[in-house]
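S.K.: Residue numbers (my numbering), protein chains in the order written: chain A, 135 to 431; chain B, 671 to 905.
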């Protein structure tokens, strides 16, 4: 029972990170109907920027976090403007290829700057020594609590932005019906840029949180690709259209993977994710929360 | 005054508009009539900039609309009412309405302007917090008209407001248009397949056929022209 509790707690903490990555994918999918395959590489790159500041220049953790998120915002906006905008009216495959190209480019660039082979470690925000209950240690540390709270704050902030502010209303309107929105005076193009920026900012946060939980994992290749796959699985699980779905999908995936690791075998975590992804696509391709796909022609 | 001169719009080899000219004076209702495929919707889409014409000119109140971005036409006081599909179904009724007024800035979405729309269309008031996809066809039409009015337009472009609606609701919407014309001096360009109901409110009318203007004049004259009615208007 204690083991089950531990696996669940650890799953929730990882799940929040997957939820943030899924949310980044959903934000972009809703606005531009593109799955951003470069998301993993983008958050790898922003994490490296933070790593460089933190480990090479001894910059404070919170400053690094702010810089990483800022870099993410800029990177997202630039990617939308320069790369995605020109292919937006073409066939969907073009946009996918462009994001794949960006993925390869960023991975190469990071390798050139920071070295391809060795993995670096990035400090967690708080202690990773688990809380104690009696004489037993939970698989849940102050850093996990920090992850849960940080992602929760972002979720609430995005919810308020989308549902309670004029710019949020404009963003939702232009995602759902760009033509009508333009006729109502909404600058749809500008809002798509904002959407990509926000998504990449959320991704940057997820990247740093993930790096802090996995010492030795900051590398141009490897862990961050897995993070993209987990995020994508979580997004599909929730239905690519739904931000609530992304969060529930992320938590669900985190917990399921944690049980898989704990009860079956912890060497094949990626395989569990792929099995879940395939199962969802077979049984419920629209995900758990999507209500729009039904109508799409 | 909306002035359209010799506009040619093509889709590939098809000339959807083949030299169309018309003017709509301020404070008038102009009906654009014709069968399916006559070019009515293309005319509206060309006016608001969603479609670029090959040649011709379109101006409103001194502004060259062909040089205006779609997002900016609302700044000249032009509001477009798309067919019933123009409701953004993922938003609530109230959010759809707010969106109409947002171009003037958030503070312009006053309780007053919202109340006016709800008074005009009471069914919307009852469903204000509901998702717009729960609305019936008639309610959706009310919503798109109400949303356009939230923009406080001087020129209203309507695309088939009677499509798929019960005659009673069509009559209600037409009466609203006449009322707005009389109370606020609103200029209306009304694209309709339902010629009878459009001619009942319009001052002027234009009949399109295969992209060309085949008749133009006072709505009452056109309604009285039996040959024209049989040939193009189907009543």
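Cβ atoms here follow ideal geometry from the backbone N, Cα and C, with glycine treated the same way. Since this is a predicted model, take the numbers as computed values, not measurements.
Considering residue 728 (chain B), what are the terminal residues of the beta strand (DSSP E) in which it resides?
M.R.: By one-based count along the second chain, residue 728 (chain B) stands at place 58. Run containing residue 728 (chain B): 725-730, per the beta strand (DSSP E) assignment.
S.K.: Mapping DSSP to helix, strand and coil, what is residue 829 (chain B)?
M.R.: Translated into positions along the second chain, residue 829 (chain B) becomes position 159. Here residue 829 (chain B) sits in strand by DSSP.
S.K.: The beta strand (DSSP E) with residue 681 (chain B) in it runs from where to where?
M.R.: Residue 681 (chain B) sits at position 11 when you count from the first residue of the second chain. 672-681 is the span of the beta strand (DSSP E), which, as asked, contains residue 681 (chain B).
S.K.: Leaving out the 5 sequence neighbours to the left and right, which residues in its chain are closer than 6 Å to residue 302 (chain A) when beta-carbon positions are compared?
M.R.: Mapped onto the first chain, residue 302 (chain A) falls at position 168. Closer than 6 Å at the Cβ level, and outside the excluded window around residue 302 (chain A), lie 295 and 296.
S.K.: What does residue 310 (chain A) touch in chain B if you count any residue whose Cβ is under 9 Å from its own?
M.R.: Within the first chain, residue 310 (chain A) is the residue found at index 176, counting from 1. Simply 758, 759, 760 and 761.
S.K.: Return no unless some Cβ of chain B is closer than 7 Å to the Cβ of residue 303 (chain A).
M.R.: Along the first chain, read from residue 1 onward, the residue named residue 303 (chain A) stands at position 169. With 7 Å as the cut-off, residue 303 (chain A) counts as an interface residue toward chain B.
S.K.: Can the beta-carbon of residue 372 (chain A) be found closer than 7 Å to that of residue 177 (chain A)?
M.R.: Sequence index remark: in the first chain, residue 372 (chain A) carries index 238 (1-based). Sequence index remark: in the first chain, residue 177 (chain A) carries index 43 (1-based). Contact: no.
S.K.: In terms of residue numbering, what span does the alpha helix (DSSP H) encompassing residue 143 (chain A) cover?
M.R.: As a first step, residue 143 (chain A) must be located in the first chain, where it is residue number 9. Taken as a continuous stretch (DSSP letters only), the alpha helix (DSSP H) holding residue 143 (chain A) covers 136-166.
S.K.: Determine the chain B residues that contact residue 307 (chain A) at a beta-carbon separation under 7 Å, and present them in chain order.
M.R.: Residue numbering aside, residue 307 (chain A) sits at position 173 when the first chain is read from its first letter. Ordered by position in chain B, the residues that pass the 7 Å Cβ test against residue 307 (chain A) are 758, 761 and 769.
S.K.: Chain B beta carbons: is any one of them nearer than 7 Å to that of residue 428 (chain A)?
M.R.: As a first step, residue 428 (chain A) must be located in the first chain, where it is residue number 294. Caution applies to residue 428 (chain A), whose pLDDT of 45 falls short of 50 and renders its modelled position unreliable; the value that the coordinates give is listed next. With 7 Å as the cut-off, residue 428 (chain A) does not count as an interface residue toward chain B.
S.K.: My output table needs one value for residue 799 (chain B): the three-state DSSP class, helix, strand or coil.
M.R.: For this step, residue 799 (chain B) is matched to residue 129 along the second chain. DSSP places residue 799 (chain B) in coil when its eight states are reduced to three.
S.K.: Closest to residue 345 (chain A) by CA distance: which of A:277, A:300 and A:369 is it?
M.R.: What you label residue 345 (chain A) is simply residue 211 of the first chain in a count that begins at 1. Minimum Cα distance to residue 345 (chain A) is reached at A:277.
S.K.: Closest to residue 673 (chain B) by C-alpha separation, out of B:820, B:788, B:825 and B:786, would be which residue?
M.R.: For the purposes of this step, residue 673 (chain B) is taken as the residue at position 3 of the second chain. Of B:820, B:788, B:825 and B:786, the residue nearest in Cα terms is B:825.
S.K.: What would DSSP say about residue 741 (chain B), mapped onto helix, strand or coil?
M.R.: As a working mapping, residue 741 (chain B) is identified with position 71 in the second chain. The answer is helix: DSSP assigns residue 741 (chain B) an H, G or I state.
S.K.: Using the Cβ count rule (16 or more neighbours within 10 Å means buried), how would you classify residue 888 (chain B)?
M.R.: Looking up residue 888 (chain B) in the second chain gives position 218. With fewer than 16 other Cβ atoms within 10 Å, it is exposed.
S.K.: Going along chain A in order, which residues have a C-beta closer than 7 Å to the C-beta of residue 750 (chain B)?
M.R.: The sequence position of residue 750 (chain B) within the second chain is 80, counting from 1. The contacting residues are 317.
S.K.: Determine the burial state of residue 254 (chain A): buried for a count of at least 16 other Cβ atoms within 10 Å of its Cβ, exposed for fewer.
M.R.: Indexing the first chain from 1 puts residue 254 (chain A) at position 120. Flag for residue 254 (chain A) reads buried.
S.K.: Taking C-alpha atoms, which residue in A:376, A:340 and A:375 lies nearest to residue 360 (chain A)?
M.R.: Stepping through the first chain from its first residue, residue 360 (chain A) is reached at position 226. Nearest C-alpha to residue 360 (chain A): A:340.
S.K.: Can you name the residues that DSSP bridges to residue 886 (chain B)?
M.R.: Mapped onto the second chain, residue 886 (chain B) falls at position 216. Paired residue(s): B:876.
S.K.: Would you kindly work out how many angstroms separate the C-alpha atoms of residue 744 (chain B) and residue 819 (chain B), rounded to a whole number?
M.R.: Your numbering for residue 744 (chain B) matches position 74 in the second chain. Your numbering for residue 819 (chain B) matches position 149 in the second chain. Cα-Cα distance, rounded: 11 Å.
S.K.: Does the beta-carbon of residue 416 (chain A) have 16 or more other beta-carbons within 10 angstroms, so that it is buried, or is it exposed?
M.R.: Position 282 of the first chain, counted from the first residue, corresponds to residue 416 (chain A). So residue 416 (chain A) ends up on the exposed side.
S.K.: Within the 7 Å Cβ cut-off, does residue 137 (chain A) reach chain B?
M.R.: On the first chain, residue 137 (chain A) is found 3 positions in, with the first residue counted as 1. So no, residue 137 (chain A) is outside the interface.
S.K.: Using 8 Å for Cβ pairs, my map puts residue 335 (chain A) next to residue 207 (chain A). What's the rounded Cβ distance?
M.R.: Counting from one through the first chain, the residue named residue 335 (chain A) turns up at place 201. Counting from one through the first chain, the residue named residue 207 (chain A) turns up at place 73. At roughly 4 Å, the Cβ-Cβ gap stays under 8 Å, so residue 335 (chain A) and residue 207 (chain A) are in contact.
S.K.: Assess, as a yes-or-no matter, whether the segment 273-287 of chain A is touched by the segment 137-151 of chain A under the definition of 3 or more beta carbon pairs within less than 8 Å.
M.R.: yes
S.K.: In the DSSP output, what is residue 223 (chain A) paired with across the bridge?
M.R.: The residue you call residue 223 (chain A) lines up with position 89 of the first chain. According to DSSP, which records beta bridges pairwise, residue 223 (chain A) is partnered with nothing at all.
S.K.: What are the boundary residues of the beta strand (DSSP E) that includes residue 856 (chain B)?
M.R.: As a working note, residue 856 (chain B) is residue 186 in the second chain. Boundaries cannot be given for residue 856 (chain B), as no beta strand (DSSP E) includes it and DSSP labels it neither H nor E.
S.K.: Can you list, in chain order, the residues of the segment 313-345 of chain A whose Cβ is nearer than 8 Å to any Cβ on chain B?
M.R.: Identification of residues in the segment 313-345 of chain A having a C-beta nearer than 8 Å to some C-beta of chain B yields 313, 314, 315, 316, 317, 318, 319, 320, 321 and 322, given in sequence order.
S.K.: Helix, strand or coil, according to DSSP, for residue 418 (chain A) in the structure here?
M.R.: Locating residue 418 (chain A) in the first chain gives position 284, where the first residue counts as 1. Coil, per DSSP.
S.K.: With a CB to CB cut of under 8 Å and the five nearest residues on each side skipped, what residues in its chain are close to residue 738 (chain B)?
M.R.: Along the second chain, one-based indexing puts residue 738 (chain B) at 68. Same-chain partners within the cutoff: 719 and 746.
S.K.: Could you tell me whether the segment 696-703 of chain B touches the segment 842-855 of chain B, where touching means 3 or more Cβ pairs closer than 8 Å?
M.R.: With a cut-off of 8 Å, the segment 842-855 of chain B and the segment 696-703 of chain B count as touching, because enough Cβ pairs lie within range.
S.K.: Could you give the residue range of the alpha helix (DSSP H) that holds residue 337 (chain A)?
M.R.: Residue numbering aside, residue 337 (chain A) sits at position 203 when the first chain is read from its first letter. First-last of the alpha helix (DSSP H) with residue 337 (chain A): 322-347.
S.K.: Quick check: what's the CA-CA separation for residue 905 (chain B) versus residue 895 (chain B)?
M.R.: By one-based count along the second chain, residue 905 (chain B) stands at place 235. By one-based count along the second chain, residue 895 (chain B) stands at place 225. Roughly 11 Å between the two C-alpha positions.
S.K.: Pick out the complete alpha helix (DSSP H) segments inside the segment 238-325 of chain A, 4 residues or longer, and give them in chain order.
M.R.: 276-298, 300-310 and 312-317
S.K.: Tell me which residues of the segment 700-726 of chain B have at least one Cβ-Cβ distance to chain A shorter than 8 Å, keeping chain order.
M.R.: 718 and 720
S.K.: List the residues of chain A that residue 916 (chain B) touches, going by C-beta distances under 7 Å, in chain order.
M.R.: Residue 916 (chain B) is absent from the structure shown; chain B starts at 671 and stops at 905.
S.K.: Could you tell me the distance, in whole angstroms, from the CA atom of residue 677 (chain B) to the CA atom of residue 705 (chain B)?
M.R.: Within the second chain, the letter at position 7 stands for residue 677 (chain B). Within the second chain, the letter at position 35 stands for residue 705 (chain B). So the alpha carbons of these two residues sit roughly 19 Å apart.
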